[in-house]
Structure formats: C-alpha cells, structure tokens
Amino acid sequence: MNYKTPGVYVEEIAKFPPSVAQVETAIPAFIGYTGQGPKNEPTRISSMLEYKTLFGEAKNDGGTIKISIKDDVVTADFDNSKLGIFKMYYAMQMYFANGGGPCYIVSVGNTAVGYPVAVDFDDLKDGLDTLDKEDEPTLIVFPDAEGLNAGDAYDLYELALDQAEDLKDRFVIMDVLGDVEAFRTSGPSSGPSGERLKYGAAYYPKLETILSYNFEDKDVKITSYKVTNSAGVLVDVTPAVADLLALKSKSSELYNQSKKVIESKKVVLAPSSSMAGVYAKVDSTSGVWKAPANVGLNYVVAPTVKISHEDQEDLNVDPTAGKSINAIRTFTGKGTLVWGARTLDGNSNEWRYVSVRRFFTMVEESVKKSTERFVFEANTANTWIRVQTMIENFLNQQWQDGALAGSKPEDAYYVSVGLNKTMSAQDILEGRMNIEIGMAAVRPAEFIVLRFSHKLQES
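Its first residue numbered 1, the sequence shown is counted upward by one per residue in UniProt numbering.
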C-alpha cells in the first residue's frame with residue numbers, strides 16, 4: 001500500500017489457498033415429449049410434483065384402450081402400437097423412485113401444440129441441441145428414443161456422444177433397443193477421434209414396471225356391452241354406453257372392474273431413466289467414484305428378458321468392438337439388480353468403467369472452474385504454489401473419501417506445475433500455465449475370485 005497520511009493501517013494477509021468446489025455429478029437432462037410446458041427450453045426441476053405442475057401427466061392417445069363387457073365379465077384390448085408411445089411421464093416416475101434428484105426436462109413437444117403421430121428424430125435432435133449451452137447437466141437420457149426405429153435411436157446416441165466428447169462434462173445413458181448384435185454392429189461408433197465411446201454406457205433389457213398406463217375415462221371406448229335380460233336373452237346395449245365415462249354413471253361395479261382390468265396392463269420401459277436415478281443415488285450416498293452397480297431397482301417387477309450367467313459373458317465382454325453392455329438381472333432373494341458397470345469403451349484399460357470416467361469428469365470440471373480465478377494472474381512461482389496447493393488439497397479430500405487408491409497421498413495423486421517441470425520459458429512468454437495432474441482412481445472389484453485348497457493336518 002502507498003501510505004501518505006500518518007495513522008494506523010490494517011492489512012489482512014491471506015494464509016490459506018483458495019479451494020476447489022466439487023461440481024454436481026448426477027444432474028440428468030431428460031429429452032422427450034411432455035403433456036404440457038415450454039418447448040425446447042431446458043427447465044430444472046427437483047421432484048415429481050414439480051414435474052406434474054410444469055409438464056403435466058401422460059396423455060393417452062384416444063382409442064388405444066378398448067373394453068368389452070359380457071354380463072359381469074370385462075375384457076380389455078390394448079393397441080400396443082399406439083399405447084404409451086411417449087414415455088417421459090413414466091420415465092420420470094422411475095427416475096425419482098430409484099433415487100433421482102434435481103434434473104432438467106427438455107420438452108420437444110406437448111399436447112398443447114399437438115403430439116406427432118410418432119416419436120420424431122428431428123424433435124429429439126433439436127432438444128439435444130438446446131443442451132449445448134447448458135453447463136449444469138451431467139447425464140443425457142432419451143426416454144422416448146425407444147419410439148424410434150433402432151437405427152435412428154443409435155444415430156441420436158451418436159450425436160449425444162459427440163456433445164459429451166466436445167464438452168467433456170457429461171455422460172450418455174443408452175438403451176439397447178432390440179437385438180444386442182445389431183447394437184454392436186449398427187450402434188454408436190468410436191467416432192473420428194476414437195475416444196467417443198468412453199462417454200456412454202448401455203443397459204439391457206427393458207423392464208416391466210409396476211406402473212399402469214395413464215388414461216382418461218372418456219378415451220376408453222366400449223366396443224361391446226351385452227347383458228342377459230330376465231328372459232335369458234343376450235341384449236346389446238353398446239350404443240347407450242360408448243365409453244368408460246358413460247359406464248361410470250350406469251354401473252359403478254362394472255366401472256371399477258374395468259379400471260382394474262386396464263390398470264393390470266403394466267408399463268414396459270427401457271432402463272435408462274431408472275439408471276439415471278441409480279447414478280444419482282450412488283453419487284449422493286457413496287460418491288461418483290463408486291460403481292453404479294449391484295443396486296436393486298425400485299418399481300420393477302422383472303426384466304423382460306431373463307439373462308443367465310452365460311448370457312452375460314457375451315454382453316459384458318465384446319472382443320471385437322469393445323461395446324460392453326450392462327445387464328439388468330433378477331437374482332433369487334435379491335430382486336432385480338444392476339449387474340454391470342462398464343462404459344461402451346470396454347476394451348480400454350483406462351476408461352472401461354463408468355465410475356472411473358465419471359470421476360475424472362468431475363475432477364476435471366471442478367479443477368477447471370476453480371482455476372479460472374487465476375487467469376491473467378502473474379505467471380510466477382507464487383501463483384504456481386497457490387494453484388498446486390489448491391488442487392492438492394482437493395485431491396487429498398478425494399483420497400480420504402476413498403476415491404483414490406494408495407496407502408499415502410503421494411501414491412494416490414500428484415500435481416505438478418512450474419518452470420522446467422510442465423512449462424518452458426517459451427510457454428511463459430506465450431502466457432501459458434501448464435498443470436499436470438495424475439490420479440490413481442479406484443476401480444470396481446468386478447471379478448471376485450475365491451481360491452480354496454486342502455490344508456494338511458499339522459497337529
């Protein structure tokens with residue numbers, strides 16, 4: 001300070017380095033069709049109630065549910081080609097039921113402007129493009145991708161992987177739609193750089209949930225309503241009772257029976273939305289470095305395909321393209337469990353596991369944001385020490401939490417910055433500060449091998 005007036009002056013000297021604030025790791029962005037709400041405007045919500053308020057419930061496509069009544073027996077006919085085409089509402093139920101928290105909704109169309117007759121690739125692509133300018137989302141999920149043909153869905157995943165690779169702060173949760181081999185041969189590729197697949201993971205098969213399809217009474221058509229009169233003659237009264245709304249006023253007993261029959265038809269969903277909830281739960285309870293696997297799924301009756309130990313050998317390891325597929329399996333006495341933790345880059349020793357890729361992403365993004373304060377600071381030893389200490393303190397906390405392997409800090413990580421270490425004199429002249437960070441990230445114990453042998457009697 002330049003003192004000019006006599007007096008007493010107070011100076012505060014900073015002794016502590018700045019700190020690295022850990023960024024959020026499980027903020028999914030769900031892209032799909034909603035009942036209402038703004039179109040192509042990423043909107044942050046934190047509960048199912050908030051979703052219903054802003055985006056409404058699932059809207060049934062009129063005519064997809066029909067019932068017939070003969071005396072006291074009700075049967076239902078479901079048009080599976082139309083029923084539940086748009087999955088966002090059910091996907092959000094599964095997300096929050098499995099531990100989900102704050103997330104973003106990107107509505108690509110709603111009933112206010114009229115649903116398309118089918119899921120449209122360009123709609124979902126436009127929704128994905130809006131995320132390019134959003135910083136907070138870390139996961140990308142397409143609940144309505146299963147409404148596309150498999151080829152278009154995998155093209156969409158390609159675009160999402162492009163965005164993840166470009167921004168390096170997000171991860172794509174994919175569904176295997178249809179045949180496993182088709183996914184590996186026609187599904188997302190490694191891209192021009194060969195690095196794209198490490199930013200995504202795929203799950204299989206679809207799940208039968210405990211959820212029932214949403215419907216309105218007026219949309220449930222009664223195609224046949226016949227009753228036997230006192231003379232024993234079967235009389236057709238269909239024209240007088242055209243839908244479930246009309247039946248409600250005529251016979252509450254048949255109305256309630258009809259609703260039970262309709263609600264017995266359970267929603268079948270691709271697993272990506274449930275997995276987004278699992279990622280969020282594991283991140284909050286253990287940490288992003290913990291593999292999101294060996295976790296039970298809520299609201300699930302069973303996977304639609306029963307996968308055996310032998311079946312999973314082919315899913316888990318793909319010797320040709322490395323596209324590992326994470327299985328969801330049912331175990332006796334344990335329920336439905338996520339039984340895989342690999343990225344699509346399954347043949348890479350560096351990026352094989354979901355938890356390793358996401359942990360590095362978290363550290364990279366956290367350190368990047370925290371070091372922005374040093375832009376235009378003097379590129380001298382004093383600044384280098386402050387930066388190094390800041391990052392080392394952050395990594396030391398990660399090591400103490402169990403995210404880094406090593407019996408002591410120097411075995412778990414290192415941070416290097418300085419002249420003749422990471423920078424040349426020319427680098428300093430050109431205004432560059434190079435920081436090198438190495439981490440020994442923990443990896444999941446995917447294969448536990450127990451070795452038993454006989455021991456000879458010694459006494």
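By construction, the Cβ of each residue, glycine as well, lies at the ideal position given by its N, Cα and C atoms.
Using the C-alpha atoms, what's the distance from N382 back to S186?
Roughly 53 Å between the two C-alpha positions.
I believe V288 touches R358 by the beta-carbon criterion, under 8 Å. Please report the beta-carbon distance rounded to the nearest angstrom.
Indeed they touch by this definition, with Cβ atoms about 5 Å apart.
Can you tell me whether D72 is buried or exposed, with buried defined as 16 or more other CB within 10 angstroms of its CB?
With fewer than 16 other Cβ atoms within 10 Å, it is exposed.
Is W384 helix, strand or coil when you go by DSSP?
Correct three-state label for W384: helix.
Using the Cα positions of V241 and V227, report the straight-line distance between them to the nearest angstrom.
Each residue's Cα considered, the two are about 12 Å apart.
What does DSSP give as the partner residues of T330 in its beta bridges?
In DSSP, T330 forms a bridge with T336.
Could you spell out where the beta strand (DSSP E) holding S251 opens and where it closes?
Unbroken run through S251: none, as it is neither H nor E.
Going by Cα to Cα distance, which pick from K82, P143, S68, V119 is closest to M94?
Residue P143 is the option with its Cα nearest to M94.
Just tell me which of T138, V176, T285 has its CA closest to the CA of E165.
Of the candidates T138, V176, T285, the one whose C-alpha sits nearest the C-alpha of E165 is T138.
Which runs of the beta strand (DSSP E) at least 3 residues long sit entirely within the region 90-131? Give them in chain order.
If we require 3 residues or more, the beta strand (DSSP E) runs fully inside the region 90-131 come out as 103-110.
Please classify E146: is it buried, with 16 or more other beta-carbons within 10 angstroms of its beta-carbon, or exposed?
Answer is buried; the Cβ neighbour count reaches 16.
Please confirm whether K198 and S19 have their CB atoms less than 8 Å apart.
No, Cβ-Cβ distance for K198 and S19 is not below 8 Å.
Would you decide whether D345 is buried or exposed? Buried here means 16 or more other CB atoms lie within 10 Å of its CB.
Answer is buried; the Cβ neighbour count reaches 16.
With DSSP as the reference, identify every bridge partner of I78, one or two as the case may be.
Reading off the sequence shown, one finds Phe at residue 78, where the question assumed Ile. According to DSSP, which records beta bridges pairwise, F78 is partnered with I65.
Q257 to K334, Cα distance in whole Å?
If I take the Cα positions, the gap works out to 33 Å.
Consult DSSP for I391 and reduce its assignment to one of helix, strand or coil.
Of the three classes helix, strand and coil, the one that applies to I391 here is helix, per DSSP.
State the Cα-Cα distance for the pair G32 and E12, rounded to the nearest angstrom.
Each residue's alpha carbon lies about 53 Å from the other.
Quick check: what's the CA-CA separation for V442 versus R170?
Looking at the two C-alpha atoms, the distance is approximately 20 Å.
Using 8 Å as the threshold, is the C-beta distance between I105 and I45 below it?
Yes, they are a contact pair.
Closest to V237 by C-alpha separation, out of T223, L245, V305, would be which residue?
Nearest C-alpha to V237: T223.
By DSSP's criteria, Y353 is part of a beta bridge. Which residues make up the other side?
Bridge partners of Y353: R342.
Check the Cβ-Cβ distances between N326 and every residue of chain B, and say whether any is below 8 Å.
Any reference to chain B falls outside this structure, which holds one protein chain only.
Mind checking whether T304 and P188 have CB atoms under 8 Å apart?
Not closer than 8 Å, so no.
What is the DSSP secondary structure of F452, reduced to helix, strand or coil?
Residue state, collapsed to three classes: coil.
List, from N- to C-terminal side, the alpha helix (DSSP H) runs of 4 residues or more that fit wholly inside the region 206-261.
Whole alpha helix (DSSP H) segments, 4+ residues: 244-250.
Check the DSSP bridge columns for T34 and list the partner residues they point to.
According to DSSP, which records beta bridges pairwise, T34 is partnered with N110.
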